[in-house]
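Working notes, structure below.
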Amino acid sequence: MAEYLVIVESPAKAKTIERYLGKKYKVKASMGHVRDLPKSQMGVEVKDHYSPKYITIRGKGPVLKELKTAAKKAKKIYLAADPDREGEAIAWHLAHSLDVDIHSDCRVVFNEITKDAIKESFKHPRPINMDLVDAQQARRVLDRLVGYNISPLLWKKVKKGLSAGRVQSVAVRLIIEREKEIKKFIPEEYWTIKGEFLKSKEIIEAQFYGVEGKKQELKTESEVKEVLSKVKGKNFSIKSVTKKERKRNPAAPFITSSLQQEAARKLNFRAKKTMMLAQQLYEGIDLGKEGTVGLITYMRTDSTRISDTAKEEVSQYILSNFGEEYITTKVKSEKKKQNAQDAHEAIRPTSTLRTPSELKQYLSRDQLRLYKLIWERFLASQMSPAIMDTMTVDLENNGVIFRATGSKIKFPGFMKVYVEGNDDQDEEKDRILPPLEEGEELVIKDFEENQHFTQPPPRYSEARLVKTLEELGIGRPSTYAPTLDTIQKRGYVALDNKRFVPTELGEIVVSLVSEFFPEVIDVDFTVNMETSLDKIEEGDIDWVKVIDSFYRDFEKRLEIAEKEMESVEIKDEPAGEDCEKCGHEMVYKMGRYGKFMACSNFPECRHTKAIVKDIGVDCPNCDNGKIIERKSKKRRIFYGCDQYPKCEFISWDKPIARKCPKCESLLVEKKLKKGIQVQCITCDYKEDQQK
Numbered sequence: 001m002a003e004y005l006v007i008v009e010s011p012a013k014a015k016t017i018e019r020y021l022g023k024k025y026k027v028k029a030s031m032g033h034v035r036d037l038p039k040s041q042m043g044v045e046v047k048d049h050y051s052p053k054y055i056t057i058r059g060k061g062p063v064l065k066e067l068k069t070a071a072k073k074a075k076k077i078y079l080a081a082d083p084d085r086e087g088e089a090i091a092w093h094l095a096h097s098l099d100v101d102i103h104s105d106c107r108v109v110f111n112e113i114t115k116d117a118i119k120e121s122f123k124h125p126r127p128i129n130m131d132l133v134d135a136q137q138a139r140r141v142l143d144r145l146v147g148y149n150i151s152p153l154l155w156k157k158v159k160k161g162l163s164a165g166r167v168q169s170v171a172v173r174l175i176i177e178r179e180k181e182i183k184k185f186i187p188e189e190y191w192t193i194k195g196e197f198l199k200s201k202e203i204i205e206a207q208f209y210g211v212e213g214k215k216q217e218l219k220t221e222s223e224v225k226e227v228l229s230k231v232k233g234k235n236f237s238i239k240s241v242t243k244k245e246r247k248r249n250p251a252a253p254f255i256t257s258s259l260q261q262e263a264a265r266k267l268n269f270r271a272k273k274t275m276m277l278a279q280q281l282y283e284g285i286d287l288g289k290e291g292t293v294g295l296i297t298y299m300r301t302d303s304t305r306i307s308d309t310a311k312e313e314v315s316q317y318i319l320s321n322f323g324e325e326y327i328t329t330k331v332k333s334e335k336k337k338q339n340a341q342d343a344h345e346a347i348r349p350t351s352t353l354r355t356p357s358e359l360k361q362y363l364s365r366d367q368l369r370l371y372k373l374i375w376e377r378f379l380a381s382q383m384s385p386a387i388m389d390t391m392t393v394d395l396e397n398n399g400v401i402f403r404a405t406g407s408k409i410k411f412p413g414f415m416k417v418y419v420e421g422n423d424d425q426d427e428e429k430d431r432i433l434p435p436l437e438e439g440e441e442l443v444i445k446d447f448e449e450n451q452h453f454t455q456p457p458p459r460y461s462e463a464r465l466v467k468t469l470e471e472l473g474i475g476r477p478s479t480y481a482p483t484l485d486t487i488q489k490r491g492y493v494a495l496d497n498k499r500f501v502p503t504e505l506g507e508i509v510v511s512l513v514s515e516f517f518p519e520v521i522d523v524d525f526t527v528n529m530e531t532s533l534d535k536i537e538e539g540d541i542d543w544v545k546v547i548d549s550f551y552r553d554f555e556k557r558l559e560i561a562e563k564e565m566e567s568v569e570i571k572d573e574p575a576g577e578d579c580e581k582c583g584h585e586m587v588y589k590m591g592r593y594g595k596f597m598a599c600s601n602f603p604e605c606r607h608t609k610a611i612v613k614d615i616g617v618d619c620p621n622c623d624n625g626k627i628i629e630r631k632s633k634k635r636r637i638f639y640g641c642d643q644y645p646k647c648e649f650i651s652w653d654k655p656i657a658r659k660c661p662k663c664e665s666l667l668v669e670k671k672l673k674k675g676i677q678v679q680c681i682t683c684d685y686k687e688d689q690q691k
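In full-length UniProt numbering, the protein residues as written are 1 to 691.
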């Protein structure tokens, strides 16, 4: 019979840990929290020092009963929930439900689920850390006070089912402000001149730089003509050749937010999916004869530090597989970010020796892709910098200067394994220039004049929004995925081409919250609150005082809002057509994914219809059809004939109103990694890629 009971959060983790601990230990799962605040009421006694009123979560009765039965038979109980505030709170709730003394050595924590880490953690059990619990309680109570007071107001004044949370309100506000920037943006014209120069038969590309040694921007076509009119003849002499050697350092190992961003860039994963897969890799995967093994360290972290043991193992791996010159002599020290808790290591493989290729047979496709990303990033972070040879050449004719730049990798270093993605720039590639010397003359083959217009700031993608929230210090990395999920479910934002767009409903809610509860939506307030929660965790502030200092002003604002907030009626806009089923007028309504058409005779008639967007292109497959924009069940945009099902033409790429000059077939805009390219759907015709 087992002498010790260990309680973890998930069955997968329980299975892995039980195998490491042996027969004396019985490991059971609590399936997350067993107690929480009630959903049907506030659950916070404001007048009794904001004391939370916890109840057993509905459906958790059988789990709790099973744990109590096992606890009675055990000599000792260990609470081994995740190593963070949330995990500490779960352990505290379990201790309360199972009559475990929180001051006894009942709590064990581990950053990775491996045999050595588990056995080591059980050598150092500790009491439950009430400062961690209080920090989690403070966040929970604060969010409850905000949500359960503002939400009923919004139900009364706008419509049922709305909510207003601290972090989600700020996230929606950022999306709305970005949309306003885009609408206000006035494009400015500018021009570039590309020159093609000949050295023997080799073509060298260079861009116009300036005149008489000064850099010059070209705003109009007339300025371009003026510059080119100064060029005398076809010969350009090389004014200067500058050669430099440049080092490029690897990115640090992943933290929660950088993992979410990079998985979005390179794997096209949503934040929610990334965290779900990372949880699976952390809790353990069945590796056949080796059994169930945790493959990565804990995935909710804001620290880039790694253990000495992990450093030693990865150095040996680099030495064996790449050579001594690839081992870094000095790992770049990452500056600790403001508000970083630094409680755990970075996200890394529990063993570098478990390569992605060896694990391929045991992992799902998406698990393997995420593991490979984590493995490569960690390996590269411990490798030597890449060394680039760069060359800058200035060509001159009568004071007009064109500049050519080239670079090539002299030593790949970490780039042999992994290069970090970037939202704004192309990944570094070799642009090799031939040997060139000062005084040498090149002949101009052609000038290419291009008109451009400045672009507005881009809408937020998930990766961009996560990065912004992190940079501003809003929320915690572990909260980003559920926050992004919530604002979409509430209908405050919608995704358009994988970019966030605010809905009318989102703008209304943020406007009301901003007017009556400015502190809730204020970035500085949210950041300062995170700092206060960290101080509670460190034992520097009493959590009740933090809540009280917020609630005293908040309560006054609530009273004012109750009296002064006016009701907002979201009127149904006529759609200009009649219902196919009952003949009543169709209207535009606001739904979870934006606007749609519905019968005005609801609830008697429940007919709905998607809003059709005609893109002005005739269907290539039938005589009368027009191509319209549609959405798949997974909300992905595609293009199809409006005569469906008579005509079954579909395309994932957007058709354009021009025909192929080679074969007269349909042209489409193909979205590539760094721009759009117009291509023919039949022949090999392609046009230059556009940004």
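Where a beta carbon is used, it is the ideal one built from N, C-alpha and C, also for glycine.
Check whether residue i and residue j have beta carbons under 8 Å apart
i: P412; j: K247; result: no
i: C641; j: S665; result: no
i: F378; j: R354; result: no
i: T220; j: P253; result: no
i: V27; j: V8; result: yes
i: V224; j: E437; result: no
i: G284; j: I113; result: yes
i: M31; j: V6; result: no
i: V141; j: Y50; result: yes
i: I193; j: F447; result: yes
i: V172; j: I487; result: yes
i: residue 702; j: I536; result: The question about residue 702 has no answer here: the residues shown for the chain are numbered 1 through 691.
i: T503; j: Y492; result: yes
i: T390; j: K244; result: yes
i: V509; j: L154; result: yes
i: L98; j: L67; result: yes
Local conformation of residue i per DSSP, three classes
i: I77; result: strand
i: R166; result: helix
i: F197; result: strand
i: Y492; result: coil
i: G288; result: helix
i: residue 702; result: Only positions 1 to 691 of the chain appear in the structure, and residue 702 is not among them; the question remains open.
i: I570; result: coil
i: S351; result: coil
i: T328; result: coil
i: V293; result: strand
i: M415; result: helix
i: S384; result: coil
i: R636; result: coil
i: Y148; result: helix
i: A171; result: helix
Cβ-Cβ separation, residue j to residue i (assumed contact under 8 Å), whole Å
i: A346; j: T274; result: Contact flag wrong, Cβ pair sits at about 16 Å.
i: I128; j: I102; result: 4 Å
i: S315; j: Q382; result: 7 Å
i: C582; j: C605; result: 4 Å
i: Y685; j: P661; result: 7 Å
i: K15; j: T292; result: 5 Å
i: G421; j: R265; result: 4 Å
i: residue 703; j: W191; result: Residue 703 cannot be examined here, being either before or after the span of the chain that is shown, 1 to 691.
Boundaries (first-last residue) of the alpha helix (DSSP H) holding residue i
i: A317; result: The sequence given here places Tyr at residue 317; Ala does not occur at that position. Segment D308 to N321, the alpha helix (DSSP H) holding Y317.
i: F378; result: R365 to S381
i: residue 719; result: A query on residue 719 cannot be resolved here, the shown segment of the chain reaching from 1 to 691 and no further.
i: R265; result: T256 to L267
Run of the beta strand (DSSP E) containing residue i, from where it starts to where it stops
i: R658; result: K654 to K659
i: I409; result: V400 to F411
i: E564; result: First-last for E564: W543 to E564, but that is the alpha helix (DSSP H), not the beta strand (DSSP E).
i: K273; result: It is not in any beta strand (DSSP E) - K273 instead sits in the alpha helix (DSSP H) that spans A271 to E283.
i: I615; result: K613 to D618
i: R499; result: R499 to P502
i: I627; result: K626 to K631
i: V158; result: No beta strand (DSSP E) contains V158, which DSSP labels as neither H nor E.
i: K671; result: L666 to L672
**OP:** Return the chain-ordered ranges of every beta strand (DSSP E) run that is complete within the UniProt domain "Toprim" (3 to 121) and spans a minimum of 3 residues.
**Re:** Listed in chain order, the complete beta strand (DSSP E) runs (minimum 3 residues) inside the UniProt domain "Toprim" (3 to 121) are 4 to 8, 25 to 29 and 76 to 79.
Subject >> Segments of 4+ residues assigned as alpha helix (DSSP H) that fall wholly inside the region 421 to 484 >> reply: Within the region 421 to 484, the complete alpha helix (DSSP H) runs of at least 4 residues fall at 462 to 472.
Original post:
What are the complete alpha helix (DSSP H) segments, minimum 4 residues, inside the region 507 to 532?
Top reply: 518 to 521
Subject >> Contiguous beta strand (DSSP E) assignments of at least 3 residues, all confined to the region 211 to 249 >> reply: 235 to 248
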